[in-house]
Structures are given as structure tokens and as C-alpha cells.
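J.:
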Amino acid sequence: QKEVEQNSGPLSVPEGAIASLNCTYSDRGSQSFFWYRQYSGKSPELIMFIYSNGDKEDGRFTAQLNKASQYVSLLIRDSQPSDSATYLCAVIPWGNDYKLSFGAGTTVTVRA
Amino acid sequence: DVKVTQSSRYLVKRTGEKVFLECVQDMDHENMFWYRQDPGLGLRLIYFSYDVKMKEKGDIPEGYSVSREKKERFSLILESASTNQTSMYLCASSLLQRDRGAYEQYFGPGTRLTVT
Chain A
1 QKEVEQNSGP LSVPEGAIAS LNCTYSDRGS QSFFWYRQYS GKSPELIMFI
51 YSNGDKEDGR FTAQLNKASQ YVSLLIRDSQ PSDSATYLCA VIPWGNDYKL
101 SFGAGTTVTV RA
Chain B
113 DVKVTQSSRY LVKRTGEKVF LECVQDMDHE NMFWYRQDPG LGLRLIYFSY
163 DVKMKEKGDI PEGYSVSREK KERFSLILES ASTNQTSMYL CASSLLQRDR
213 GAYEQYFGPG TRLTVT
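So the sequences go chain by chain: A and B.
If you count the first sequence from 1, position 3 lands on 3 in my numbering, and the numbers rise without skipping.
In my numbering, each residue's number is its place in the second sequence (first place is 1) plus 112.
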């Protein structure tokens, strides 16, 4: 079982809709969770992190964490064509202060 | 702004060559990382360093070595390049923010290495 799993997509949504991305992780002791966005040919950039159960909102992005169910999700509201990218979920496993475990990423396409 | 730079964006090498990939960060971060990224496999950690001259193996260290002689610079070395090392190589750095429990890694632009 992979440490971090994501649906690879592609996830296609119309402009203005909500894009919902899911990520599950295997290490129940994982503490910190991150969402990175990666445009084609570019390097990943951090868009959100979350480490407490519940929702965290930042502009059009909302991260949701449910440690009991071991999943973290990202909602993109009012999706724009500029949101078209691959979104990487990353987790710090228990007892590991330095290393991130990444999912393979979900590709999102926003249709104008 | 954090800036992480890598020595080359594109590199073509022959099988058996020794290859050096350089990474420099300008934010006084303690931690530095080397990843490779392949389609369908995501980002995989090769090596990381949490201090000068300190290094630890990541998930796929075979065929690679690293060097960190100065805090701002972290080098990845392919001792004898092979075709299965053709990949995108990404360097990252971070400062562990213990008070928030969060941990942000900042990535360089990447080096696309082709081994023929």
C-alpha cells in the first residue's frame, strides 16, 4: 500500500464550478498535510497546509482533514482556467520531522 | 521570497558518465532535499540533508550520492549515469517551523536529465 494515494484524474470541471480532490494516507500517526500545485513543466509550489481536523480556508481554496478516516481533501471554489494543473498531496509520517511523502498527483483541467 | 536555484534546466549525458547536479538556496534553510519525479510515480526522495556535512538516505538512494559542504549548497552526484536515471530532478529546501507543526518545502525549477 502506498503511503499517500490520490486519484490520478484527469478531473475536468467547468469554469466557475467546485473542483474536489481527495487524498488518503496509510500512516495513522501522520501529523502535517500539504497541498502543492504543479503547472506543466514547472516545479511544485505550496498552496495550503493543514494539521488539525476540520476545514482550513484560504481564498478560493479549502483544505479538509479527517484524521480518523485518514483522508485530506482540497476544494477549489469558482474554478478558473488558471487552476488547471496537477495537485500533489503530501504528508509527514509519524516520527519523521523532515521527510514528506507525496502522492502521485491529480491532474485538474478547468474548461472555459 | 525563498529562492532555490538549480545549475541546469536541461542536461544530456552518456551512460557511464559522472553527473553533478547543483542546488543553491538563499534563505539559510537547514534542510535540503533531492527528489526525482517520474510520470505516474510522483515525487520520490533520493537524499536529504538536515545540516552541513549531514545526509540521510531517502527512498531511492541507489546509484546516487550527495554532498553538502556549505549550508546553502546541496549537490547530487550520479556516480555512473544509467538510462533508468533519466528523469526530472527537483531540489527543495525548508526551515522546520516547529511552533506551527507545519513544514514547508520550497522547490527549485528542476533539472531534466536525459541519459543516452
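Where a beta carbon is used, it is the ideal one built from N, C-alpha and C, also for glycine.
Going by Cα to Cα distance, which pick from 222(B), 221(B), 194(B), 146(B) is closest to residue 175(B)?
T.: The sequence position of residue 175(B) within the second sequence is 63, counting from 1. Nearest C-alpha to residue 175(B): 194(B).
J.: How should residue 154(B) be labelled, buried or exposed, when 16 other C-beta atoms within 10 angstroms of its C-beta is the threshold for buried?
T.: For the purposes of this step, residue 154(B) is identified with residue 42 of the second sequence, where counting begins at 1. Classification of residue 154(B): buried, given that the 10 Å Cβ count is 16 or more.
J.: Below 9 angstroms between beta carbons is the criterion; list the residues of the stretch 88-104 of chain A that meet it against any residue of chain B, in chain order.
T.: Listed by position, the residues of the stretch 88-104 of chain A near chain B (Cβ gap below 9 angstroms) are 88, 90, 92, 97, 98, 99, 100, 101, 102, 103, 104.
J.: What residues in the stretch 44-55 of chain A have a beta carbon less than 9 angstroms from any beta carbon of chain B?
T.: For the stretch 44-55 of chain A, which is checked against every Cβ of chain B, the residues closer than 9 angstroms are 44, 45, 46, 49, 50, 51, 52.
J.: Please check if any C-beta of chain B sits within less than 9 angstroms of the C-beta of residue 82(A).
T.: Locating residue 82(A) in the first sequence gives position 82, where the first residue counts as 1. Taking Cβ atoms only, chain B never reaches closer than 9 angstroms to residue 82(A), which makes this a no.
J.: So with CB distances below 9 angstroms, who are the chain A contacts of residue 216(B)?
T.: Stepping through the second sequence from its first residue, residue 216(B) is reached at position 104. Chain A residues near residue 216(B): 34, 46, 49.
J.: Please classify residue 92(A) as buried or exposed, where buried requires at least 16 other C-beta atoms within 10 Å of its C-beta.
T.: As a working mapping, residue 92(A) is identified with position 92 in the first sequence. Its Cβ being crowded by 16 or more others within 10 Å, residue 92(A) is buried.
J.: Who are the neighbours of residue 162(B) on chain A, taking C-beta pairs under 7 angstroms?
T.: Locating residue 162(B) in the second sequence gives position 50, counting from the first residue. The answer, in chain order, is 98.
J.: Decide if residue 143(B) is buried, meaning its Cβ has at least 16 other Cβ atoms within 10 Å, or exposed.
T.: Walking along the second sequence from the start, residue 143(B) turns up at place 31. So residue 143(B) ends up on the buried side.
J.: Within its chain, find whatever has a CB closer than 6 angstroms to the CB of residue 59(A); leave out the 5 residues flanking it on each side and keep chain order.
T.: Start at 1 with the first residue of the first sequence, and residue 59(A) comes out as number 59. Cβ neighbours of residue 59(A) beyond the five flanking positions: none.
J.: Comparing the C-beta of residue 180(B) with each C-beta of chain A, is any distance below 9 angstroms?
T.: Within the second sequence, residue 180(B) is the residue found at index 68, counting from 1. Not an interface residue.
J.: Do the CB positions of residue 223(B) and residue 118(B) come within less than 9 angstroms of each other?
T.: By one-based count along the second sequence, residue 223(B) stands at place 111. By one-based count along the second sequence, residue 118(B) stands at place 6. Yes, the pair counts as a contact, with Cβ atoms nearer than the cut-off.
J.: One question on the structure: do residue 173(B) and residue 158(B) come within less than 9 angstroms of each other, judged by their Cβ atoms?
T.: The residue labelled residue 173(B) in the question sits at position 61 within the second sequence. The residue labelled residue 158(B) in the question sits at position 46 within the second sequence. Contact flag set, yes.
J.: Could you name the residues that DSSP lists as bridge partners for residue 224(B)?
T.: If you number the second sequence from 1, residue 224(B) lands on position 112. For residue 224(B), which the question treats as bridged, DSSP gives the partners 122(B), 200(B).
J.: Assuming residue 201(B) and residue 146(B) make a contact with CB atoms under 8 angstroms, what is their CB distance in whole Å?
T.: Sequence index remark: in the second sequence, residue 201(B) carries index 89 (1-based). Sequence index remark: in the second sequence, residue 146(B) carries index 34 (1-based). So it is a contact: roughly 7 angstroms between Cβ atoms.
J.: Can you tell me the Cα-Cα spacing of residue 177(B) and residue 112(A), whole angstroms?
T.: Start at 1 with the first residue of the second sequence, and residue 177(B) comes out as number 65. Start at 1 with the first residue of the first sequence, and residue 112(A) comes out as number 112. Using only the alpha carbons, I get a separation of about 46 angstroms.
J.: For residue 116(B), collect the residues of the same chain with a Cβ closer than 7 angstroms to its Cβ; drop the 5 residues on either side in sequence, then sort them by chain order.
T.: The sequence position of residue 116(B) within the second sequence is 4, counting from 1. Only 135, 137, 203, 204, 205, 218, 219, 220 meet the Cβ criterion.
J.: Beta-carbon within less than 8 angstroms of residue 123(B)'s beta-carbon, same chain only, minus the 5 sequence neighbours each way: which residues are those?
T.: As a position in the second sequence, residue 123(B) is number 11, starting the count at 1. Cβ within range, chain order: 131, 133, 223, 224, 225, 226.
J.: What runs of the beta strand (DSSP E), each 3 residues or longer, lie entirely inside the stretch 45-98 of chain A?
T.: Listed in chain order, they are 45-50, 54-58, 61-66, 71-76, 85-92.
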